[in-house]
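In the working numbering, the protein residues as written are 274 to 362.
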């Protein structure tokens, strides 16, 4: 079987303070995860990224170029103050 190599830019995000939130208000923590997915997934896909998986409160995504990765990080950072919890990169 032949293997194809491909360069990719990988992005990881997680929710700052999630562990503490989970300890204080589990219901709010789960809502935060859902909201995180609702915000990030369409933006990742809009910028040509691929949602690879969620790891607890983190998200792993890949992009074909580093510039696409930087563009989406800038968008997500600008959106962070609009939320109850913040993204950490």
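A virtual CB, placed ideally from N, CA and C, is assigned to each residue, including glycine. Just so it is clear, the structure is predicted and the values come from calculations on it, not from any experiment.
The straight-line gap separating the alpha-carbon atoms of residue 313 and residue 336 is approximately 14 Å. Ranked by Cα distance from residue 286, the options 352, 340, 333 are led by 333. Under the criterion of beta carbons closer than 8 Å, residue 294 and residue 302 qualify as touching, at roughly 5 Å. Linking residue 298 to residue 323 through their CA atoms gives a straight-line distance of about 31 Å. Pairing residue 320 with residue 339 gives a Cβ-Cβ distance that is not under 9 Å.
Note on residue 275: under 16 other CB atoms within 10 angstroms of its CB, so exposed under the neighbour-count rule.
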